[in-house]
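Student:
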Amino acid sequence: MRAIPVAATLLAALLTPLAGCARDGGAPASGGPAPATAVPVVLTKSGGIVGLNDTVTVQPDGRWTRIDRAGASRTGRLSDADLDRLRQLTTDSRLAAEAVATVPATMCADAFSYRLTVGPTTTGYVDCPPQATPPPATAALVDLLTRATS
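Positions -22 to -1, 1 to 128 (mature numbering (1 follows the signal peptide of the UniProt record, and there is no 0)) are the ones given, in order, by the sequence shown.
#1: Determine whether the Cβ of THR124 lies closer than 8 Å to any Cβ atom of chain D.
#2: Using 8 Å for Cβ pairs, my map puts ARG72 next to ARG55. What's the rounded Cβ distance?
#3: For the region 82 to 95 against the region 24 to 39, are there 3 or more C-beta pairs whose distance is under 8 Å?
#4: Indicate the three-state DSSP secondary structure (helix, strand or coil) for ARG72 in the structure shown.
#5: What would DSSP say about THR95, mapped onto helix, strand or coil?
#6: Does the distance from the CB of PRO113 to the CB of TYR103 come in under 8 Å?
#7: Work out the CA separation of LEU21 and ARG44 for me, nearest whole Å.
#8: From SER128 to PRO18, what does the alpha carbon distance come to, in whole angstroms?
#9: Suppose the cutoff is 7 Å on Cβ atoms and the five residues either side in sequence are ignored; what does the same chain contact list for LEU122 look like?
#10: Is VAL17 helix, strand or coil when you go by DSSP?
#11: Just how far apart, CA to CA, sit VAL36 and ALA77?
#12: If you reduce the DSSP assignment to three classes, tell me which class ARG65 lands in.
#13: Taking only the alpha-carbon atoms, compute the straight-line gap between ALA117 and ARG52 and give it to the nearest angstrom.
#14: Taking 8 Å as the threshold (C-beta atoms), are ALA110 and THR69 in contact?
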């Protein structure tokens, strides 16, 4: 696999909009609005006893859309704090490593599966405690997006 070039490309793409940020909470030196993530972030949650299939897409400016299995959609915008946290998590070096890690097989019935895509990087896990511990950077993004877009 080409994990290192993909990781380097992802990191460069995500850090580029952060260049020039001041230490005042992320606002650029120009005094304009804080920069957005460089790429959309997509989270799909599927499975469970009711057969969920929800997809949340967060645009670079923080606008999000949630579409459920029936096709119903909701929209919103991440708070500034959540967008800042999203930026931090999408640049976490562990994310690329988690994307190339082998996912252990699980024997859970009715478990939820999470698939997270940040630019060219896709990672995920099956929520099946105590068999497997979710990858930490991926799980942090899943928790953030689930809470912020519910």
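We treat Cβ as the ideally placed atom computed from N, Cα and C, and that holds for glycine.
Tutor: Let's see:
#1: No chain D is part of this structure, which consists of one protein chain only.
#2: Contact between ARG72 and ARG55 does not hold, since their C-beta atoms are separated by about 27 Å, which reaches or exceeds 8 Å.
#3: Taking a contact to require three or more Cβ pairs closer than 8 Å, the region 82 to 95 and the region 24 to 39 qualify as touching.
#4: DSSP places ARG72 in helix when its eight states are reduced to three.
#5: DSSP places THR95 in strand when its eight states are reduced to three.
#6: Cβ distance < 8 Å, so PRO113 and TYR103 count as in contact.
#7: Looking at the backbone, the Cα of ARG44 and that of LEU21 are separated by about 9 Å.
#8: Here the alpha carbon of SER128 sits roughly 18 Å from the alpha carbon of PRO18.
#9: So the list reads ASP60, ARG63, LEU64 and LEU67, once near-sequence residues are dropped.
#10: Reduced to three states, the DSSP call for VAL17 is coil.
#11: If I take the Cα positions, the gap works out to 19 Å.
#12: If DSSP states are grouped into helix, strand and coil, ARG65 belongs with the helices.
#13: Approximately 23 Å, taken between the alpha carbons.
#14: Contact: no.
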